[in-house]
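I have placed the structure first, in the form of structure tokens, so that the comments after it can refer back to it.
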Amino acid sequence: MGLKPSDFRNSDVFADWCPGCGDFGIMNALHMAFAELGLEPHQIVIVSGIGCSGKEPHNVKAYGVHTLHGRTLPFAMGIKVANPNLEVLAIGGDGDGLGIGAGHFVNAGRRNLDMTYIIHNNGVYGLTKGQASPTLQRNLKTKSLPKPNINEAVNPIGLAVISGYTFVARSYAYDIKHLKEIIKQGIQHKGLAFIDCLQPCPTYNDINTKEWYAGEDRKDPTTGKPQSRLYKLEEIGFDPNVRDWSEDFKKKVAAIDKAREWGDRIPIGVFYKNELEPTLQDRLSERIPFYLSKPPAKQKLSDENGFSKVNLTEFIEDLKTS
Amino acid sequence: MAGGPQGSGVDTAANIFGRACGYGGLYVFGRREYHSNIKGLHSYFHLRISPKETLANINDVDLLAAFDAETAVRHINEVAPEGGIIIDSQQMNMKVLDIPTLPPEFKDELIKFMNEKNIGETLKDLLDYAEQKNVHVYPVPYMDLLNQIGEKLGIEKISKITRMINVLTIGVSFALFKYDRSLVEKAIRTTFPEKLADMNITALNHACNYAEENFKDSFKHRLEKTDAHEERIFLTGNQAVAMGKVLGGCRVQTYYPITPAADESEYLEAHEILKTSGEDEAIIVIQTEDEIAAINSASGAALAGARAATSTSGPGFSLMVEGLSWAGNDEVPVVITYYQRGAPATGLPTRHGQADLRFAMHAGHGEFPRIILASGDIKECFYDAAKVFNLAEKYQMPVIHLLDKAMANCSQTYPVFDYGKFKIERGQILTEKELENQEYRRFRFTETGLSPRVVLGTKNGVHWYTGDEHNEIGHISEEPFNRRLMVEKRMKKLELVEKEVPIEEKLNFFGNQDSENIVVSWGSPKGAIIESLNLLKSEGFSLGFMQIRMINPLPTDYIKKALEGKKRIIDVEDNYSGQLGGIIKEKTGIAPNFHILKYTGRPMTTTEVYNALKAILTDKAPERQVLMFGS
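As given, the protein sequences belong to chains S and V, one line each in that order. Note that my numbering gives residue 18 to position 6 of the first sequence, counting from 1, and the numbers run on in steps of one. Note that my numbering gives residue 347 to position 363 of the second sequence, counting from 1, and the numbers run on in steps of one.
In structure tokens form, the structure reads like this:
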């Protein structure tokens, strides 16, 4: 009998997000995804950055490493390289990953480590009271901005695709079922998975609200029902899978093209997926055949008497002069 | 000394030279100086060769092998009487001020010197001046010899073999020294792949023959081989650190390219598969996108249970500071190998300096414990590089292994290191089984401040880390009571280090401990100080030398006792402000009353340290002496 989502709940900790925060949805989706994948808490490490999203690991019963602003990916990389048997998830905000940590965002793509990275995308810096984040569209003036946003927005999906992420998807914090499925796919994907999770900030982003995503402002004139801005890629038959290298470029272009849609029609789902690209673990294993069975964290450093097992003869032979 | 434009094989020549001497049972100390430049600017290698162990350079050069005119111009005054200069005879009529790579501030000095000594404008005029001072000049027609060698080897394009000028000078040098040519051939064979080695040996012999025919017995200095009676190695500080790291169990190394640290990481990557007494193991070397990623991924690896390190220099360490603070807060056993170089800012990227001690001690916001261990020579680099992992894991704090450019790039001969007895001490790490019937708290309050660790992924041990202040479980806490206990828990681990680490591992004492005169220093000036001490002792001066290795926590009580009542306390450091002296004053209340300082970007030589110390001991020195030697 496997674990239930509630087994991943951390009742010791009060989740101190604002009422109605999308982070609750992400937390629940994580609990469900872990349970459904049959994982155990000790097999999982959730690494986070700074901000409201950074608190996510404290609310999940699994190893949690709440790190520095923008540095979630480097910490996660170190953990995964040292012990590739761990299921590593990196979590961060949009400012964390695309502002202060943008260099890591791009370079992680070059390595294709087998882990999952979820960005909580709400367009604002919440904990510092609502400044514009790198994903806020230009000219928008959320309520705590003194002036409209002067910068253009980064396109996280497009950036992930061209940076080399091999699974690129978007989901929505209030569609827990969809998000859970995307997280599961991300974890199961062999390679670096990026999930752009739209996550309304009920306190500081008064533009991209839950109601805005739900289309409350654009009701169908005949039925009077709101027309959601979000639609699912799988429902329009979008095929993100790269089955052969010859179709890779085309699929990347298609993903970026889809990622340009914003405003009244916002796609969620998988934009791009390629398992042909070797992961960093594969690449290391090519050089070090026993890497996966004896990764850095699992090597026994000393013999039965406590002495270092290393034999430096090969080094010394090269340096010998007599 | 061998010098030439960067990219002309100065390093290779010096390495062959050093090895050839090593094969003959001689000790070698080599110092490498180079510009932050890929090709063209002046670089040189200063080798000191002796049948006895050598620890530093001296000022006098006995033989200068100049690949180009600039080398002769720059070093002409370093060549001692009876010494020699090997020079390209075809450049003799060159006007020295036309050398395009001479910077204006150097030219100003040169003009002043040439006017003062009434020297004409050509290289020959300058060399004539040297000859007046009883320096022998050995003009060699490099291009003619290369043409002849090209003919022998069937190579038409001489441009393809101009790089062999370095080997020509080696040939001439060893012929002058009348050294066993077969040992030089052996050194060439170990340096180059077979075909290249054959070519170089042809060149070597051609140059040797030329020198033997043309220069007869004018050169007085000889190199004679002896029997080493033991196995020896010739290595750089970068190599020693790399070897020490793998011995110490380092299995993840992260780095971002920076001089003079990157050579260590590349050397490690080249040797990533490690032989052990059992099955092979491996160290993973990751070149990260920046130093921020380097420190933080090393911390991540350490949390996962690997011994992990990163290696950098000043500018890189500046970027690591926030990560260091996190590691201190979260009690991460991460090692930072820190090679100081000329600073601030980009400073003198390829030159030496020791001005980052205060920075290493205080870097990071807030108060958190760290260990700073400073090695003083290449052998200490090796053992310390292994030991720092024990310190990091036992005391669960970041350890900064503080080194400098001089050690990184100097090469020295040593008897093969005895590493078989190095013990791995990992501190308390709980296993799945030990965790079965307990509620684990990563930051449990204990008497010593140390809480047993659990590595990520261990069953029954789930816990949390956060850069926020945290409670015992690792969750965020801003409660004043918890805060006080947590600050104290972290800080008191330093008391444990003070108590448990033996004094022999924290400082070294040389010379006469009871003398009224004592030198205090740290890092690479060690070699020059010890040699000076020995010279002064032979002249009847009494002097002690305390080399401080563990600078944080400082063995304050011991140092205070050692300094109390001394007449002359002489602080020797490669920085402007006498940083260690200041720290000693702060901690012990006793201030050094003399300073010997150097901040030209070049390390101290025995000659200048000896002169400066002697001036102090004979009451002829000011309180502050600033050393200047070295091009």
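Yeah, the Cβ is synthetic: ideal placement off N, Cα and C, and Gly gets one too.
DSSP puts V:Gln237 in a beta bridge; with which residues?
V:Gln237 pairs with V:Val269, V:Ala293.
Work out the CA separation of V:Leu386 and V:His346 for me, nearest whole Å.
Their Cα atoms are separated by approximately 13 Å.
Locate the alpha helix (DSSP H) running through S:Gly121, then write down its first and last residues.
Per DSSP, S:Gly121 belongs to the alpha helix (DSSP H) from 114 to 123.
Under DSSP, the alpha helix (DSSP H) around S:Thr147 begins and ends at which residues?
Premise fails: S:Thr147 is in no alpha helix (DSSP H) and is neither H nor E.
Give the interface partners of V:His447 over in chain S, defined as CB-CB distance under 9 Å, in chain order.
Per Cβ cutoff of 9 Å: Tyr75, Gly76.
Just to confirm before moving on: does the CB-CB distance between V:Met534 and V:Lys490 stay below 8 Å?
Their beta carbons are under 8 Å apart, which means V:Met534 touches V:Lys490 by this criterion.
Taking a Cβ distance cut-off of 9 Å, strictly less, list which residues of the stretch 166 to 196 of chain V are near chain S, in chain order.
Correct list: Ala171, Thr174.
Less than 8 Å between CB atoms is the rule here; does V:Ala339 satisfy it with respect to chain S?
With 8 Å as the cut-off, V:Ala339 does not count as an interface residue toward chain S.
So, using beta-carbon positions, are S:Val254 and S:Leu292 closer together than 8 Å?
In this structure, S:Leu292 does not lie closer than 8 Å to S:Val254 by Cβ.
Beta-carbon within less than 8 Å of S:Cys297's beta-carbon, same chain only, minus the 5 sequence neighbours each way: which residues are those?
According to the sequence provided, residue 297 of chain S is Ser. The question's Cys does not apply to it. So the list reads Tyr303, Leu304, once near-sequence residues are dropped.
Sort out for me which residues DSSP pairs V:Asp388 with in a bridge.
Looking at the DSSP assignment, V:Asp388 forms a beta bridge with V:Gln324.
Would you say S:Asn124 reaches chain V, if we count a Cβ-Cβ gap shorter than 8 Å as a contact?
Judged by the 8 Å Cβ criterion, S:Asn124 is not in contact with chain V.
Any C-beta of chain S sitting closer than 8 Å to the C-beta of V:Gln223?
Interface residue, yes.
Which chain S residues sit within Cβ distance under 9 Å of V:Ala246?
Chain S residues near V:Ala246: none, gap ~18 Å exceeds 9 Å.
Just to confirm, is the Cβ distance from V:Gln324 to V:Asp402 under 8 Å?
Not a contact, by the Cβ cut-off of 8 Å.
Using a Cβ-Cβ cut-off of 8 Å, state whether S:Ile131 counts as contacting chain V.
By this cut-off, S:Ile131 is not an interface position.
Determine the direct distance from the alpha carbon of S:His54 to that of S:Ala74, and round the result to whole angstroms.
Each residue's alpha carbon lies about 6 Å from the other.
To which residues does DSSP link V:Asn492 through a beta bridge?
In DSSP, V:Asn492 forms a bridge with V:Gln531.
From the DSSP output, in three-state form, read off V:Ile145 for me.
Coil at V:Ile145, not helix or strand.
If I follow the unbroken alpha helix (DSSP H) through V:His190, where does it start and stop?
Where V:His190 is concerned, the enclosing alpha helix (DSSP H) stretches over 178 to 199.
Between the alpha carbons of V:Ala64 and V:Val119, how many angstroms are there, rounded?
Rounded to the nearest angstrom, the two C-alpha atoms are 7 Å apart.
To the nearest angstrom, how far is the alpha carbon of V:Gln381 from that of V:Ala392?
The question names Gln, but residue 381 of chain V in the sequence shown is Met. Cα to Cα, V:Met381 sits roughly 25 Å from V:Ala392.
Should the stretch 220 to 228 of chain V be called in touch with the stretch 177 to 191 of chain V, which here means at least 3 C-beta pairs below 8 Å?
Counting Cβ pairs under 8 Å, fewer than three are found: no touch.
Within the same chain, show all residues whose beta-carbon is closer than 7 Å to that of V:Pro125, passing over the 5 residues directly before and after it, in chain order.
Answer for V:Pro125: Ser73, Gln74, listed in chain order.
Hey, would you say V:Met227 sits closer than 8 Å to S:Leu324, going by beta carbons?
Closer than 8 Å, so yes.
Taking one C-beta from the stretch 30 to 44 of chain S and one from the stretch 177 to 191 of chain S each time, how about it: are there three or more such pairs within less than 8 Å?
Contact holds: three or more Cβ-Cβ distances are below 8 Å.
Do we get a CB-CB distance below 8 Å when we pair V:Ile33 with the residues of chain B?
In the displayed structure, chain B is absent; the protein chains listed are S and V.
When the cut-off is 8 Å and only beta carbons count, does V:Ala(-2) lie next to chain S?
No, because no Cβ of chain S sits closer than 8 Å to the Cβ of V:Ala(-2).
For V:Asn280, which of helix, strand or coil comes out of DSSP?
Residue state, collapsed to three classes: helix.
When the Cα of S:Pro158 is compared with those of S:Val100, S:Asp108, S:Lys141, which residue comes out closest?
Nearest C-alpha to S:Pro158: S:Lys141.
Considering only residues of the same chain and omitting the five flanking positions on each side of V:Leu538, which have a CB-CB separation below 6 Å?
The answer, listed in chain order, is Lys571.
Out of V:Val471, V:Ala290, V:Val319, V:Asn280, state which residue places its alpha-carbon closest to the alpha-carbon of V:Gly307.
Of the listed residues, the one whose Cα sits closest to V:Gly307 is V:Asn280.
Can you look up V:Phe97 in the DSSP assignment and give me helix, strand or coil?
Three-state result, V:Phe97: helix.
Kindly provide the ranges of any alpha helix (DSSP H) runs that are 4 or more residues long and lie completely inside the stretch 44 to 130 of chain S, ordered along the chain.
Here the runs fully enclosed are 84 to 94, 114 to 123.
Any heavy atom of the ligand COA within a distance shorter than 7 Å of the CB on S:Asn217?
Within the structure as shown, the ligand COA is missing, as the structure has no ligands at all.
Near S:Gly121, which residues of its chain fall below 6 Å by C-beta distance, leaving aside the five closest residues on each side in sequence?
Within the same chain, S:Gly121 has close Cβ partners Ser175, Gly176, Tyr177.
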